Amino acid sequence: MTRTDAANKPIAALTLAALGIVYGDIGTSPLYAAKEVFNPSHGIEFTAANVIGGVSTILWALMFVVSLKYVMLIMRADNKGEGGIMALLALASASVRERKRFSMTLAIFGVFGAALFYGDGVITPAISVLSAVEGLEIATPVLKPYVVPITVAVLIALFAIQRTGTATVGAFFGPVMTLWFCVLGLAGLMHINEAPEILAAFNPWHAYHFLTLHGWSSFLVLGSVCLAVTGAEALYADMGHFGKRAIRIGWFSLVFPALGLNYLGQGALLIAHPDAVSNPFYLMFPEWALYPMVGLATLVTVIASQAVISGAYSITKQAVQLGFLPRTQIIQTSAKEIGQIYIPAINWSLLIAILAAVIGFGSSANLASAYGLAVSGTMLIDTVLTFFVIRYTWCYGLPLCIFATGCFLIVDAAFLSANLVKTVEGGWFPLMMGAIVFTVMVTWRRGREILFERMRSSSIALKPFLASLFEDAPPRVSGTSIFLVGDPESVPHALLHNLAHNKVIHERIVFLTVVYRDVPWVHENERFMIEKLGNECYRIKLFFGFMNVPDVPRALKLCKPLGMEFNTLETSFFVSRETVIPTPGDGMALWRERLFATMTRNAGSIVDYFHIPSNRVIELGTQVEI
33 MTRTDAANKP
43 IAALTLAALG
53 IVYGDIGTSP
63 LYAAKEVFNP
73 SHGIEFTAAN
83 VIGGVSTILW
93 ALMFVVSLKY
103 VMLIMRADNK
113 GEGGIMALLA
123 LASASVRERK
133 RFSMTLAIFG
143 VFGAALFYGD
153 GVITPAISVL
163 SAVEGLEIAT
173 PVLKPYVVPI
183 TVAVLIALFA
193 IQRTGTATVG
203 AFFGPVMTLW
213 FCVLGLAGLM
223 HINEAPEILA
233 AFNPWHAYHF
243 LTLHGWSSFL
253 VLGSVCLAVT
263 GAEALYADMG
273 HFGKRAIRIG
283 WFSLVFPALG
293 LNYLGQGALL
303 IAHPDAVSNP
313 FYLMFPEWAL
323 YPMVGLATLV
333 TVIASQAVIS
343 GAYSITKQAV
353 QLGFLPRTQI
363 IQTSAKEIGQ
373 IYIPAINWSL
383 LIAILAAVIG
393 FGSSANLASA
403 YGLAVSGTML
413 IDTVLTFFVI
423 RYTWCYGLPL
433 CIFATGCFLI
443 VDAAFLSANL
453 VKTVEGGWFP
463 LMMGAIVFTV
473 MVTWRRGREI
483 LFERMRSSSI
493 ALKPFLASLF
503 EDAPPRVSGT
513 SIFLVGDPES
523 VPHALLHNLA
533 HNKVIHERIV
543 FLTVVYRDVP
553 WVHENERFMI
563 EKLGNECYRI
573 KLFFGFMNVP
583 DVPRALKLCK
593 PLGMEFNTLE
603 TSFFVSRETV
613 IPTPGDGMAL
623 WRERLFATMT
633 RNAGSIVDYF
643 HIPSNRVIEL
653 GTQVEI
């Protein structure tokens, strides 16, 4: 769904659509969050007062982190309507572009946050589907050995259908999630009567008492409380699809009340029946409802997983266009909704990692230790980036900025610290994944910078070269030659090779540079800039945002009103492909240079990425030592 589509839809339809996409992750948290908070392994005595305190902590985490931080504050920091950590990074980076001491730090923070997102993208489907299928253990204990195989089968089926797109299935997401939240609220409401004293959880004093009374054990529990707010970042990430109003209405009118009632109901159940601590969610339901709830929960977790998978595709596309990842095949799965894409490399990489997590950890309880670290790390980075937006984009005073983000930073740091304690238990998994992705992203970015510098150092200035070329011009042939260049001021190597081998030039020559701006969208009327260089030579810059589809032929058609029409059958595209040669010395460490060289060799074709007809392309290679 594009922003235009969103603007044209009634708010009720947008809210229903948002329910199906935005809240899947946080909506499945009741499956495992309360169970982990009251896990006996934390060493906290199982009393009514402690249950009330634990539920109070969950409720106030939802209010403080989700309602105040994301829904009320961070959603105001939109990058031309778009949200998500890459959009926030672009916005924050633009605000401190003149402050070099901040720029590098912010880039590192933002890239690591994006890297952690991939860890989240692995753990969310794993823990969500696994916790849903674990309901079979409650219904029939004899099915326990089949929980992992069934989970694996569901996940393989989910990833196998990704290439078909989600337009058809997505139409059912909203109603299914609406039913799910209604069931959550109703189940919780039915159990509150068993222990009405649970309503005292609305008093924040009980949360404070619970977190301070038990010392180290309370600190450990805080890592489990974090599980209740997983998916909060999705509200901000999907803002561009549905608009902040629809997301806010959905949260305050249905999602938050349903989650609050369900956690209150689980708490009341635990006060009345302490033995239900093994799985308080499923034990809220009578035996006859267990199998239908397992089915509904599994469907909902698939929806939640779908949202995370789609988010991984989206953030990959943004990272590619912002220069943090190599080009890769991006397939548009819908002719109407530009946000629906499929990236094969990401799809199968995620599936392999998710299956490894499911099989390796074996249960949602074991995965919970890994889950919180990825989420809390991303949340803390969001807060840091938001501070710079408030301070340098909105230009608020420093005391107000510190007050607006400082409290959130303390909470995020507490969540992160509590989850870091669980590094050995499972937290190492998202850290390892984040470190790998982070290394890849910064190596690609730095490698491209070094490659560009090397090529520029040996390049020839374009304008003086053209002046000397046309003093004794070679023969000109009919048609148009378009040279794709990274540096618009330098002579492309492809032109030099063409002159050396073919000794002719076309009657019209275009030096084309694609420029990505730190904004989500660039409107078509701002798409291009044309400069005449004389002798039927032109320099054209095409501008795209990181959410735009970089379709070069389509963009060139926009030049027609200015008298520059491009006939595909009479146009040849000249592309240079660099072969990177790692060498010891300046630049990066040799292992990073080898990694960069490997990524360069395996990067997607620039022809496919820019949607250039392959039968109109002439590709010429050159070797570059870095």
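Residue numbers (the numbering used here): 33 to 658. Using N, Cα and C, we set each Cβ at its ideal position, and we do this for glycine too. What you are looking at is a predicted structure, and each value in this text was computed from that prediction instead of being measured.
Cα-Cα separation, residue i to residue j
i	j	result
Asn-451	Gly-409	9 Å
Ile-658	Arg-477	14 Å
Cys-214	Gly-113	30 Å
Leu-498	Leu-528	12 Å
Thr-360	Ser-637	8 Å
Leu-483	Leu-652	17 Å
Phe-251	Leu-243	7 Å
Gly-617	Glu-625	11 Å
Glu-166	Val-309	14 Å
Arg-549	Val-421	18 Å
Phe-598	Trp-553	24 Å
Glu-610	Ile-193	36 Å
Phe-204	Ile-341	17 Å
Ala-446	Ile-347	27 Å
Thr-36	Met-271	Interpretation of Thr-36 is limited by its pLDDT of 49, a score under 50 that renders its predicted location unreliable; no figure is taken from the coordinates.
Leu-100	Leu-544	46 Å
Asn-647	Ser-489	32 Å
Leu-259	Lys-454	13 Å
Ala-50	Gly-206	7 Å
Ile-76	Ala-65	16 Å
Glu-68	His-643	49 Å
Ala-93	Leu-322	29 Å
Leu-286	Val-547	43 Å
His-241	Gly-85	7 Å
Strand pairing of residue i, partner residues [DSSP]
i	result
Cys-427	Beta-bridge pairing links Cys-427 to no other residue.
Gln-28	An answer regarding residue 28 cannot be provided, because it is not within the stretch 33 to 658 covered by the chain.
Asn-71	Note: Asn-71 sits in no beta bridge, so no partner.
Val-523	Per DSSP, none; premise fails for Val-523.
Thr-455	BP columns for Thr-455 are empty, so no partner.
Phe-606	Phe-515, Ile-650
Gln-364	Ile-373
Span of the beta strand (DSSP E) around residue i
i	result
Met-561	560-566
Leu-574	569-576
His-538	537-548
Gly-10	As displayed, the chain neither begins before 33 nor continues past 658, which places residue 10 out of reach and without an answer.
Ser-513	508-516
Delimiting residues of the alpha helix (DSSP H) encompassing residue i
i	result
Ile-492	First-last for Ile-492: undefined, no H or E at that position.
Val-179	179-192
Phe-356	Taken as a continuous stretch (DSSP letters only), Phe-356 belongs to no alpha helix (DSSP H), as it is neither H nor E.
Thr-410	396-420
Glu-265	264-269
Asn-379	376-393
Tyr-641	638-641
Ser-125	117-127
Tyr-295	288-304
Gly-619	Counting along the chain, Gly-619 falls outside any alpha helix (DSSP H), and DSSP gives it neither H nor E.
Lys-592	Element bounds for Lys-592: n/a, residue is neither H nor E.
Ile-279	276-282
Asp-57	56-59
Neighbour-count burial assignment, residue i, 16 or more Cβ in a 10 Å radius
i	result
Pro-312	buried
Ser-449	exposed
Trp-237	exposed
Trp-320	exposed
Lys-495	exposed
His-533	exposed
Asp-640	exposed
Ile-384	exposed
Glu-169	buried
Asp-444	buried
Thr-603	buried
Leu-594	exposed
His-555	exposed
Pro-524	buried
Any chain B beta carbon closer than 8 Å to residue i
i	result
Pro-358	Included in the structure is just one protein chain, with no chain B present.
Segments of 4+ residues assigned as alpha helix (DSSP H) that fall wholly inside the region 68-115: The region 68-115 contains these whole alpha helix (DSSP H) runs: 80-93.
Could you tell me which uninterrupted alpha helix (DSSP H) segments, each at least 4 residues in length, are contained entirely in the region 212-264, listed from first to last along the chain? List check, alpha helix (DSSP H) in window: 236-245, 248-257.
So within the region 461-486, which uninterrupted beta strand (DSSP E) runs reach at least 3 residues, ignoring any that extend past its ends? Complete beta strand (DSSP E) runs here, min 3: none at all.
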